[in-house]
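J.: Mind having a look at this structure? Questions to follow.
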Amino acid sequence: MIAPVGLPHLATVLAELHGLSPREREVIGWVVRGESSREMAARLNLSVHTVQDHVNHACQKLGVRGRKQLLAYLFGTCQARVP
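Numbering of the sequence shown is given in the numbering used here, commencing with residue 1291 and proceeding in unit increments.
Right under this line is the structure:
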């Protein structure tokens, strides 16, 4: 049995595969950790609107709609086992 990969690491790997920008990768990492757009905006010194744009662009590139689908996709991929 192979241990599941941690979500932050998996988010980074998937980001590289799907061509996410460095900022999109960073924002997705904070989404995985449960940060709200407002919390990320304060942390990254960005507007809430800019953070939401980064999240939306990343979701489009990953083929998901919104944070819930993003997390479901990441959790589903993280739980996959290699035979």
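From the three backbone atoms N, C-alpha and C, an ideal C-beta is built for every residue, glycine too.
At 4 residues or longer, what runs of the alpha helix (DSSP H) sit wholly inside the stretch 1309-1365?
T.: You should have 1312-1322, 1327-1334, 1338-1352.
J.: Check the C-beta distance from V1338 over to A1331 and give it rounded, since I have them as a contact under 8 Å.
T.: With 8 Å as the limit, V1338 and A1331 qualify as a contact, their Cβ atoms being about 5 Å apart.
J.: Assuming contact is defined by CB atoms lying nearer than 9 Å, are V1317 and H1344 in contact in what I supplied?
T.: It is a contact, given that the beta carbons lie within the stated cut-off.
J.: Considering Cα atoms alone, identify which of V1354, E1306, E1329 is closest to V1341.
T.: The shortest C-alpha separation from V1341 is found at E1329.
J.: Quick one: what does DSSP say P1294 is sitting in, helix, strand or coil?
T.: In this prediction, P1294 has a pLDDT of 46, which is less than 50 and means its spatial position is unreliable; what the coordinates show is noted afterwards. P1294: coil per DSSP, three-state reduction.
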